[in-house]
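**Student:** Dumping the structure here so I can ask a few things about it.
There are 2 protein chains.
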Amino acid sequence: MPGARAPEEQRRRQILDAAVVVAGRERLDGLTVRKVAGEARLSPGSVFFHFGSKEALLLGLLDRVLVEIVGRRPPEDAAGAGTATARDALLGYARQELERLPDEREFVELFFDFWVMGTRHPAVREVMVDALSAYRASFLPLAERIVAEEAERFRGVSAEDITHVVAGFVHGTGFQAVIDPGGADVDDVLRALEALVPPPST
Amino acid sequence: MPGARAPEEQRRRQILDAAVVVAGRERLDGLTVRKVAGEARLSPGSVFFHFGSKEALLLGLLDRVLVEIVGRRPPEDAAGAGTATARDALLGYARQELERLPDEREFVELFFDFWVMGTRHPAVREVMVDALSAYRASFLPLAERIVAEEAERFRGVSAEDITHVVAGFVHGTGFQAVIDPGGADVDDVLRALEALVPPPST
DNA sequence: CGAGTTGTTGACCGACGGGTCAACAACGCT
DNA sequence: AGCGTTGTTGACCCGTCGGTCAACAACTCG
Chain A
157 MPGARAPEEQ RRRQILDAAV VVAGRERLDG LTVRKVAGEA RLSPGSVFFH FGSKEALLLG
217 LLDRVLVEIV GRRPPEDAAG AGTATARDAL LGYARQELER LPDEREFVEL FFDFWVMGTR
277 HPAVREVMVD ALSAYRASFL PLAERIVAEE AERFRGVSAE DITHVVAGFV HGTGFQAVID
337 PGGADVDDVL RALEALVPPP ST
Chain B
157 MPGARAPEEQ RRRQILDAAV VVAGRERLDG LTVRKVAGEA RLSPGSVFFH FGSKEALLLG
217 LLDRVLVEIV GRRPPEDAAG AGTATARDAL LGYARQELER LPDEREFVEL FFDFWVMGTR
277 HPAVREVMVD ALSAYRASFL PLAERIVAEE AERFRGVSAE DITHVVAGFV HGTGFQAVID
337 PGGADVDDVL RALEALVPPP ST
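So the protein lines, in turn, are chains A and B. Final position of the first sequence in the numbering used here is 358; the numbers increase by one with none missing. Final position of the second sequence in the numbering used here is 358; the numbers increase by one with none missing.
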């Protein structure tokens, strides 16, 4: 029954919701416009009417994924400061990141799918690179405090460099967890990390 | 001209060589049996004759990639010992791993393609998980020396845990480099890592 | 009520992919 | 020489996918 209007922009939401469902089930390479349309109980033509192309649909989906992964950081870690040393806060941050992996597994997988896709796809790459940069920036203040707390030890090392190390560790461990869940115990790995990165000697 | 025989098993090599070329150019998702056949100057039917399915061809290609990435470790690092402390040797190992990324970029990209593919594909997953395990095992002796050198500091931490941390960092940084080459200076990041992981206090 | 606008549909198109297969060619063996 | 084995070819089958489009339906505005 053609013509059944929808309250305007809600259609885009409806379609993106369907895209999330389909991608959660079949991953990025299993996502087709037809499946998304079917999941949204619409015709393929309608999806093209609202998005114009599959690429635009994917970029819309990517935004959704990024909101879930990098956006919506728990508010307390910008502060993150409080009582602990910056080193403890940053390690706590890493712990928190790794511990939420199992819960958000679906979005994490999609995040990594887009990561690899961005390797070939310029538009996706740009969005991903920005997102990764924003991700590191979210704990840059902690890294700055670390550098400040032990100026001699971190001579010639910038806070950004430290965020790269932490992000590298978190993402690498995330990738590992995605292909081999239950392969390594998160708690054991984190304790190893804490032993490798000692607290300030002061 | 059908019937032009080839010296037996050399055809498989020829086809896999072509697969490497095609995958290097178009990545995993751009690889089709037809393109591989064309690159090898054979007909598609011939590829199916020798491999049976695209999946088998991909598994063959995966072996090639793994030989390049995890196999063929420089001989000196098993020793790796020599004069330096284990901590220095392990950090040197990480440095060596990151520095070869640009040179082997093609294979590294394919390695990560297979990594993500393994997330959905059981056969690929199994091979990848084994390869990652072998990768960590290649510097396990260094991790064991680290634990031994400072028993108190690493109480309750196994050498395997340490390899997970190092592998996580290396892979995460590798993924980052693949999507954003030239995003972070490898040398800077490594100096940050070295500052974060201090030498034994002895 | 009538005309224009905005959606909506599903058939359709062209391309392409994995896989099959009948025909055929080179070689080894007896 | 004759024959079976092993390759090799390329046309072909069939499904799917992104995208288009003519037809049509609801809603709006005059």
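Even for Gly, the Cβ is constructed at its ideal location relative to N, Cα and C. On a predicted model such as this, the values are computed, not experimentally measured, just so you know.
Cβ atoms of B/Leu247 and B/Val326: under 8 Å apart, would you say?
**Tutor:** Residue mapping note: residue 326 of chain B aligns to position 170 of the second sequence, counting from 1. Residue mapping note: residue 247 of chain B aligns to position 91 of the second sequence, counting from 1. Not in contact: B/Val326 and B/Leu247 (Cβ atoms no closer than 8 Å).
**Student:** Nearest-angstrom Cα distance between A/Met157 and A/Arg261?
**Tutor:** Against the first sequence, residue 157 of chain A aligns to sequence position 1. Against the first sequence, residue 261 of chain A aligns to sequence position 105. Only weak support is given to the placement of A/Met157: the predicted model assigns it a pLDDT of 40, under 50, and the question is left unresolved by the model.
**Student:** What does the alpha-carbon distance come out to for the pair A/Leu266 and B/Phe207?
**Tutor:** Here residue 266 of chain A corresponds to residue number 110 of the first sequence, with the count starting at 1. Here residue 207 of chain B corresponds to residue number 51 of the second sequence, with the count starting at 1. Using only the alpha carbons, I get a separation of about 31 Å.
**Student:** Quick check: what's the CA-CA separation for B/Asp343 versus A/Val203?
**Tutor:** As a position in the second sequence, residue 343 of chain B is number 187, starting the count at 1. As a position in the first sequence, residue 203 of chain A is number 47, starting the count at 1. The alpha-carbon atoms of B/Asp343 and A/Val203 are separated by roughly 47 Å.
**Student:** Assuming A/Val272 contacts B/Asp269 under a Cβ cut-off of 8 Å, what Cβ separation, rounded to an integer in Å, is found between them?
**Tutor:** Counting from one through the first sequence, the residue named residue 272 of chain A turns up at place 116. Counting from one through the second sequence, the residue named residue 269 of chain B turns up at place 113. About 6 Å separates the two Cβ atoms, so the contact holds.
**Student:** Using only the alpha-carbon positions, how far apart do A/Ala174 and A/Pro258 sit?
**Tutor:** Mapped onto the first sequence, residue 174 of chain A falls at position 18. Mapped onto the first sequence, residue 258 of chain A falls at position 102. Rounded to whole angstroms, A/Ala174 to A/Pro258 spans 22 Å at the Cα level.
**Student:** At a CB distance below 8 Å, what residues from the segment 321–338 of chain A approach chain B? Give them in sequence order.
**Tutor:** Cβ contacts with chain B come from Val321, Ala323, Gly324, Phe325, Val326, His327, Gly328, Thr329, Gly330, Phe331, Gln332, Val334, Ile335 and Asp336.
**Student:** Could you name the residues of the same chain whose beta carbon sits closer than 8 Å to that of A/Glu316, not counting the 5 residues immediately before and after it, in chain order?
**Tutor:** Numbered from 1 along the first sequence, position 160 holds the residue referred to as residue 316 of chain A. Closer than 8 Å at the Cβ level, and outside the excluded window around A/Glu316, lie Arg292, Leu296 and Ala299.
**Student:** What would DSSP say about A/Ala269, mapped onto helix, strand or coil?
**Tutor:** Your numbering for residue 269 of chain A matches position 113 in the first sequence. A small fix is needed here, since residue 269 of chain A is Asp in this sequence, not Ala. Here A/Asp269 sits in helix by DSSP.
**Student:** Let's test the definition: count the other Cβ atoms within 10 Å of the Cβ of B/Arg181 and tell me whether it reaches 16, buried, or not, exposed.
**Tutor:** Along the second sequence, read from residue 1 onward, the residue named residue 181 of chain B stands at position 25. It is exposed - the Cβ of B/Arg181 has fewer than 16 other Cβ atoms within 10 Å.
**Student:** Cutting at 6 Å between CB atoms, please list the residues of its own chain near B/Arg167, excluding the five before and the five after it.
**Tutor:** Counting from 1 along the second sequence, the entry for residue 167 of chain B is found at position 11. Hits under 6 Å: His206.
**Student:** Which word fits A/Glu253, buried or exposed, when buried means at least 16 other C-beta atoms lie within 10 angstroms of its C-beta?
**Tutor:** For the purposes of this step, residue 253 of chain A is taken as residue 97 along the first sequence, with counting starting at 1. By the 10 Å Cβ count, A/Glu253 comes out buried.
**Student:** Check whether chain B comes within 8 Å of A/Val285, counting only Cβ atoms and requiring the distance to be less than that.
**Tutor:** Numbered from 1 along the first sequence, position 129 holds the residue referred to as residue 285 of chain A. Yes - at least one Cβ of chain B is within 8 Å of the one on A/Val285.
**Student:** Just to confirm my understanding: we take A/Arg301, look at its own chain, exclude 5 residues before and 5 after, and list those with CB closer than 6 Å. What are they?
**Tutor:** As a position in the first sequence, residue 301 of chain A is number 145, starting the count at 1. The answer, listed in chain order, is Ala242.
**Student:** Report yes or no: is there a C-beta of chain B within less than 8 Å of the C-beta of A/Ala340?
**Tutor:** Counted from its first residue, the first sequence places residue 340 of chain A at position 184. It does; some Cβ of chain B falls within 8 Å.
**Student:** Quick one: what does DSSP say B/His320 is sitting in, helix, strand or coil?
**Tutor:** Within the second sequence, the letter at position 164 stands for residue 320 of chain B. Helix.
**Student:** Which residue from A/Gly186, A/Lys210 and A/Val177 puts its Cα closest to that of A/Glu195?
**Tutor:** Sequence index remark: in the first sequence, residue 195 of chain A carries index 39 (1-based). When each option's Cα is compared against that of A/Glu195, the closest is A/Val177.
**Student:** Quick check on the burial criterion: 16 or more other C-beta atoms within 10 angstroms. Buried or exposed for B/Arg347?
**Tutor:** In the second sequence, the residue the question calls residue 347 of chain B occupies position 191. When all chains shown are included, B/Arg347 counts as buried.
**Student:** Any idea if B/Thr188 is buried or exposed, counting beta-carbon neighbours within 10 angstroms, 16 or more meaning buried?
**Tutor:** Along the second sequence, read from residue 1 onward, the residue named residue 188 of chain B stands at position 32. It is exposed - the Cβ of B/Thr188 has fewer than 16 other Cβ atoms within 10 Å.
**Student:** Where does A/Arg329 fall in DSSP's three states?
**Tutor:** Here residue 329 of chain A is taken as the residue at index 173 of the first sequence, counted from 1. The question names Arg, yet the displayed sequence has Thr at residue 329 of chain A. A/Thr329 falls in the helix class under three-state DSSP.
**Student:** Does DSSP classify B/Val280 as helix, strand or coil?
**Tutor:** Here residue 280 of chain B refers to the residue found at position 124 of the second sequence. Here B/Val280 sits in helix by DSSP.
**Student:** Output the distance between the C-alpha atoms of A/Val226 and B/Val221, rounded to the nearest integer angstrom.
**Tutor:** On the first sequence, position 70 is the one that residue 226 of chain A refers to. On the second sequence, position 65 is the one that residue 221 of chain B refers to. If I take the Cα positions, the gap works out to 32 Å.
**Student:** If the cut is a Cβ gap below 8 Å, which residues of chain B does A/Glu195 touch?
**Tutor:** Indexing the first sequence from 1 puts residue 195 of chain A at position 39. None at all; the shortest Cβ gap to chain B is about 19 Å.
**Student:** So B/Arg281 contacts chain A; which residues on that side make the cut at Cβ distance below 7 Å?
**Tutor:** Counted from its first residue, the second sequence places residue 281 of chain B at position 125. Per Cβ cutoff of 7 Å: Ile335.
**Student:** Since B/Val285 contacts A/Gly339 with CB under 8 Å, what's their CB separation in whole angstroms?
**Tutor:** Sequence index remark: in the second sequence, residue 285 of chain B carries index 129 (1-based). Sequence index remark: in the first sequence, residue 339 of chain A carries index 183 (1-based). Contact flag correct, Cβ pair sits at about 7 Å.
**Student:** Anyone know if the C-beta pair for B/Ala250 and B/Val322 falls short of 8 Å?
**Tutor:** Residue numbering aside, residue 250 of chain B sits at position 94 when the second sequence is read from its first letter. Residue numbering aside, residue 322 of chain B sits at position 166 when the second sequence is read from its first letter. The answer is yes: Cβ separation under 8 Å.
**Student:** Can the beta-carbon of A/Val303 be found closer than 8 Å to that of A/Thr329?
**Tutor:** As a working note, residue 303 of chain A is residue 147 in the first sequence. As a working note, residue 329 of chain A is residue 173 in the first sequence. Contact flag unset, no.
**Student:** Less than 7 Å between C-beta atoms, sequence neighbours within five positions excluded: which residues of the same chain meet that for B/Ala193?
**Tutor:** Locating residue 193 of chain B in the second sequence gives position 37, counting from the first residue. Closer than 7 Å at Cβ, skipping near neighbours: Ser199, Pro200, Ser202 and Val203.
**Student:** Under a CB-based cut-off of 8 Å, is A/Val192 close to chain B?
**Tutor:** If you number the first sequence from 1, residue 192 of chain A lands on position 36. It does not: the Cβ of A/Val192 has no partner Cβ on chain B nearer than 8 Å.
**Student:** Distance cutoff 8 Å, beta carbons only. Does B/Asp344 sit that close to anything in chain A?
**Tutor:** Against the second sequence, residue 344 of chain B aligns to sequence position 188. For B/Asp344, the answer is yes, since a Cβ of chain A falls inside 8 Å of its Cβ.
**Student:** Relative to the alpha-carbon of A/Ile318, which residue among B/Leu349, B/Arg197, B/Val283 and B/Glu165 has its alpha-carbon at the smallest distance?
**Tutor:** Taking the first residue of the first sequence as position 1, residue 318 of chain A is located at position 162. For A/Ile318, the nearest C-alpha among the options comes from B/Leu349.
**Student:** Considering only residues of the same chain and omitting the five flanking positions on each side of A/Leu218, which have a CB-CB separation below 7 Å?
**Tutor:** If you number the first sequence from 1, residue 218 of chain A lands on position 62. Here the set comprises Phe270, Val280 and Val283.
**Student:** Would you give the residue range spanned by the alpha helix (DSSP H) that A/Phe204 belongs to?
**Tutor:** On the first sequence, position 48 is the one that residue 204 of chain A refers to. It spans Pro200 to Phe207 - the alpha helix (DSSP H) in which A/Phe204 sits, taken as one unbroken run.
**Student:** Nearest to A/Arg309 by alpha carbon, out of A/Ala179, A/Arg256 and A/Pro356?
**Tutor:** Against the first sequence, residue 309 of chain A aligns to sequence position 153. Among A/Ala179, A/Arg256 and A/Pro356, the Cα nearest to that of A/Arg309 belongs to A/Pro356.
**Student:** Using three-state DSSP, classify B/Arg197 as helix, strand or coil.
**Tutor:** Residue numbering aside, residue 197 of chain B sits at position 41 when the second sequence is read from its first letter. Coil.
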